[in-house]
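> Numbering (the UniProt record's numbering), first residue to last: 1 to 460. One structure, as structure tokens, below. Some questions next.
The structure is reproduced here in structure tokens:
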């Protein structure tokens, strides 16, 4: 019999009777108490005690009672996950330190199989902590592992946690070659978020370009092309082959017509009916409010060229100015808004020191160095109740902002208008703003200790 678990230490044996947990753990590591063998999917056989398994797990109890088995084979649970489960069943201990990026999904799958709800909840909470403190690639790897373990149509709590988390992370085309999101993981993600009404951070056009770059990476990595003369044709055919797997989950309605005509149609991979339907939709009245991004737009603060006295939280949603920062600094969001549709987002004023400014700016013209010497920039609402654009301003709200207030930006890219709400009270469009450009970024200006947090705008 093979058992990967290390033998129990002599110290625990000497103190038998003082700790029920240690005494039960001793049974787990002592072959004298084994009367059933558990063969795992990786070929490792673990020993256990029938009475303990039956008492602690309905699934094991059914196996043992109904079939009177001394040997059980598990073709989808490896020994690492089984050891984790056995340790919990014997001692009620949840050893979260043994959870890693590589085994979380495997162990969670085992907790589902054995119907251990309490253990599932702890793993879910631990996964949320990992996603919060690790880098962005962690969630991509976990979702890829999930797709490898579960059926494509499977939905459960951990998959929803991973999808919701990944939806808030921009899928940047330039990072597609090096991140850990597998093509099947991406397919699963796009399928589950196609009609989402939750926060989402990636425009459909960026999704398409991300897909193409990731597919090319897969092809280049796995394909040895001896026929150099026809190399482009061979790669093109392979791209189309992989792309067909994801076509049902790409929403052409959210991609600009010019791009479809110049880039997508010539590929001859999308069904003509799908392209025609996208064109027809763009002619309809509802297209005027239809965004180029699925779900509710969400973004993070852009940390490029961030001033030394400005700080962005680990999750990217909170921005704070140092108390000693005595000159206004400007920070934009990492979302470049283009095309038609209505875009709305909330800024929560967690701490207010001096006047702050919230609004939008021209992405193409925004220049960090230029902004250092200006009090405000773009089309903004100040906490003093005035709206500003360049050297023009006017009174907009009757009251000044205070800490805890929620400011909502309402940007209509179809009509090129902008309005603001304060604590859900919406004011009129700023009629003087006639020059809103075609590419917009969220922007704020702050100094001396102010703290602002981004949150998605949910309709009441």
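Each residue gets a CB set at the ideal place from its N, CA and C atoms; glycine is no exception.
(1) Using the Cα positions of residue 441 and residue 337, report the straight-line distance between them to the nearest angstrom.
(2) Count the other CB atoms within 10 Å of the CB of residue 415; is the residue buried (16 or more) or exposed (fewer)?
(3) Who are the Cβ neighbours of residue 128 in its own chain at under 7 Å, not counting the five residues just before and after it?
(4) Within the region 335–396, note down every full alpha helix (DSSP H) run reaching 4 residues or more, in order along the chain.
(5) Taking only the alpha-carbon atoms, compute the straight-line gap between residue 78 and residue 133 and give it to the nearest angstrom.
(6) Strictly by DSSP, which residues pair up with residue 461?
(7) In the DSSP assignment, find the unbroken alpha helix (DSSP H) run with residue 276 in it and report its ends.
(8) Check each candidate in 268, 158, 276 and 324 and name the one with the smallest Cα separation from residue 237.
(9) Below 8 Å on the Cβ atoms is my guess for residue 377 versus residue 450; work out the distance and round it to an integer in Å.
(10) Mind reading off the beta-carbon distance from residue 293 to residue 199? Whole number of angstroms is fine, and I expect it under 8 Å.
(11) Contact defined as beta carbons within less than 8 Å: I believe residue 83 pairs with residue 46. What is the distance between those atoms, to the nearest angstrom?
(12) Check whether the region 169–177 touches the region 195–209, counting contact only when three or more Cβ pairs, one atom from each stretch, lie closer than 8 Å.
(13) Residue 48 by DSSP, collapsed to three states: which one?
(14) Tell me whether residue 231 is buried or exposed, calling it buried when 16 or more other Cβ atoms sit within 10 Å of its Cβ.
(15) Can you tell me which of 115, 62, 257 and 366 puts its alpha carbon nearest to the alpha carbon of residue 280?
(16) Leaving out the 5 sequence neighbours to the left and right, which residues in its chain are closer than 6 Å to residue 322 when beta-carbon positions are compared?
(17) Run through the DSSP bridge pairs and tell me what residue 452 is partnered with.
(18) Tell me residue 426's beta-bridge partners as DSSP assigns them.
(19) Over what stretch of residues does the beta strand (DSSP E) that includes residue 269 continue unbroken?
(20) Helix or strand or just coil, what does DSSP make of residue 459?
(21) Could you compute how far the alpha carbon of residue 13 sits from the alpha carbon of residue 98?
According to the structure shown:
(1) 6 Å
(2) exposed
(3) 161
(4) 368–371
(5) 28 Å
(6) An answer regarding residue 461 cannot be provided, because it is not within the stretch 1 to 460 covered by the chain.
(7) 272–283
(8) 268
(9) 16 Å between Cβ atoms; not a contact.
(10) Not really, about 10 Å apart at Cβ, beyond 8 Å.
(11) 7 Å
(12) yes
(13) strand
(14) exposed
(15) 257
(16) 309
(17) 319 and 349
(18) 421
(19) No beta strand (DSSP E) contains residue 269, which DSSP labels as neither H nor E.
(20) coil
(21) Reliability fails at residue 13, whose pLDDT of 49 lies under 50, so the model's placement of it is uncertain and no value is given.
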